[in-house]
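*Asks:* For the sequence shown, this note's numbering assigns the number 2 to the initial residue and increments by one for each residue that follows.
The beta-carbon is built from N, C-alpha and C at its ideal position, and this holds for glycine as well.
Quick caveat, the model's predicted, so the values are computed rather than measured.
This is the structure, below, for whatever I ask next.
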Amino acid sequence: MDNETDYEIETILSTVFGGAGGAVSPPIVQTSLFTFDSYDAFEKRFKGETDEDVYTRVHNPTVRAFETMMAKLENGEAAVGFASGMAAISSTVLAFVKPGDHIACVEHVYPDSFKLFEDMLAPLGITTSYHPIEEFENNPDLLKGVKLAYLESPNSLMMQAVDLQKVSAHAKRHNVLTMIDNSWATPIFQKPLTLGIDIVIHSASKYISGHSDVVAGVVVSNNVNVTKIRERCLALLGGKLAPFEAWLLIRGLRSLHARMMMHQASANEFISRLNTLSCVKKINSPAPNSVPGLTGRSGLFSIKFNETVDIRTLCNNVNLFKIGVSWGGYESLILPTKITLAQTGAQNSMQHFNVADDIVRLSLGLENVEDLWADFKSALDKSTI
Ligand SMILES: *Cc1c(COP(=O)(O)O)cnc(C)c1O
């Protein structure tokens with residue numbers, strides 16, 4: 002398929018909904034429970050002889066339509082939706098670790114994933130160590146004795162990309178389960194399961210939703226892993242994806258390919274222009290194919306400026322760019338690390354990983370790129386001495 006998000010939506014509508022009367026968009030099955038015709042049918046379901054839906058915490062047709070599309074897009078056997086990216090991450094990690102286990106994690110992991118490991122799992126006796134990507138790639142024994150390798154690649158602040166084929170080869174030798182947060186690249190630009198990674202996680206709140214109107218998560222893997230996650234941590238921790246959010250995500254997926262192409266084109270344009278400016282010290286954005294299997298560049302990158310730029314003035318003078326967290330929607334966003342570094346509270350991953358305070362992260366949205374550049378350049382001129 003040229004445009005890989007041209008799903009056979011008809012196939013999904015007919016397998017999940019029996020055709021839905023020719024509708025091109027799936028029904029939102031807004032129900033908590035599903036009833037049975039007879040005592041015998043109910044008994045058969047509970048004996049596991051049939052597989053009808055019972056209760057929306059674990060199974061719902063609209064959610065299943067989204068999961069089916071995601072599994073297909075990531076080349077996995079199955080997927081499971083969650084109420085947020087963090088519900089997906091915490092439920093997936095907890096499905097596979099127990100006290101005494103050790104997790105090896107990449108540096109610059111998403112701040113709340115870091116807090117999950119440090120504030121919640123460490124007190125339960127599940128420890129985590131953090132390593133630069135070079136160690137994951139070049140030290141074949143890094144994963145010896147480790148239960149789980151937790152990757153985020155490219156990560157969402159420094160945009161470092163790790164060679165997934167190398168890591169999965171090391172992990173397989175030591176029998177280590179590998180997970181990746183693939184939110185930055187989306188399956189349009191990277192399909193980790195095809196590179197040997199075991200489990201792919203997304204914050205669907207970002208590019209998959211694409212419109213900054215949903216908080217959701219999803220996990221893709223083989224049938225065995227997905228069943229384990231669904232039956233243990235989805236069912237028992239209960240962070241389920243709601244049918245309406247699943248419906249919005251299905252809508253998002255159908256334009257994901259087109260949106261990623263535009264995010265990429267705008268990012269390429271910005272990066273080549275920024276590279277000509279003397280106030281720019283470094284741009285953090287992995288070039289396509291800088292690691293095997295990473296085929297494109299998303300609209301999320303960060304810039305390290307030299308001391309001539311006043312970042313407060315820059316943020317106060319952009320108009321099209323809004324100041325805020327998250328990314329992946331229509332609206333372009335700017336995030337200064339100086340503010341996130343100063344966030345109070347016990348475990349601040351940005352402090353832990355020694356992030357510099359002269360970095361701004363941009364999420365280029367879907368506005369006209371010339372308008373975005375004019376807006377950014379004029380604010381930059383005002384803030385440069
Ligand atoms: C936003 C984000 C998350 C968390 O997802 P939520 O949907 O906000 O819970 C995880 N990983 C990355 C890289 C993110 O950007």
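1. Measuring straight from C-alpha to C-alpha, what distance separates Gly20 and Ala375?
2. What are the boundary residues of the alpha helix (DSSP H) that includes Ala89?
3. Whose C-beta lies closer than 6 Å to the C-beta of Thr338 among residues of the same chain, with five residues either side of it excluded?
4. Within 10 angstroms of its Cβ, does Leu373 collect 16 or more other Cβ (buried), or is it exposed?
5. Can you tell me whether Leu275 is buried or exposed, with buried defined as 16 or more other CB within 10 angstroms of its CB?
6. Jot down the residue ranges of each uninterrupted alpha helix (DSSP H) in the region 197-235, minimum 4 residues, whole runs only, in chain order.
7. Given that a residue counts as buried once 16 or more other Cβ atoms are within 10 Å of its Cβ, and exposed if not, what is Phe377?
8. Considering just the uninterrupted stretch of the alpha helix (DSSP H) at Gly101, what are its terminal residues?
9. Could you tell me if Tyr56 is buried or exposed, where buried requires 16 or more neighbouring beta carbons within 10 angstroms of its beta carbon?
10. Tell me which residues share the same chain as Arg174 and place their Cβ nearer than 6 Å to its Cβ, disregarding the 5 neighbours each side in the sequence.
11. With Thr338 as the anchor, note down where its alpha helix (DSSP H) starts and where it stops.
12. Just verifying my parser: in three-state terms, what is the DSSP assignment at His109?
13. Taking contact to mean at least 3 C-beta pairs separated by less than 8 Å, is the region 233-245 in contact with the region 83-102?
14. With a threshold of 16 other CB atoms inside 10 Å of the CB of Asn76, please say whether the residue is buried or exposed.
15. What number of angstroms, rounded off, separates the C-alpha of Pro141 from the C-alpha of Phe354?
16. Among residues of its own chain, excluding the 5 on either side of Glu53, which ones have a beta-carbon nearer than 7 Å to its beta-carbon?
17. Which residues bound the alpha helix (DSSP H) around Phe40?
18. Identify every residue that forms a DSSP beta bridge with Gly82.
19. Go ahead and pull the three-state DSSP assignment for Asp376.
20. Given this structure, state the Cα-to-Cα distance separating Asn176 from Lys145, to the nearest angstrom.
21. Measure the CB-CB distance between Val201 and Glu153 and report whether it falls below 9 Å.
22. Is Glu371 near ligand 1, with its Cβ less than 8 Å from a heavy atom?
*Replies:* In brief:
1. 48 Å
2. Gly86 to Phe97
3. Val356, Asp358 and Ile360
4. buried
5. buried
6. 224-229
7. buried
8. Premise fails: Gly101 is in no alpha helix (DSSP H) and is neither H nor E.
9. exposed
10. none
11. Thr338 to Leu342
12. coil
13. yes
14. exposed
15. 23 Å
16. Phe35 and Arg46
17. For the record, residue 40 in the displayed sequence is Tyr; it is not Phe. Its alpha helix (DSSP H) spans residues Tyr40 to Phe47.
18. Val219
19. helix
20. 9 Å
21. no
22. no
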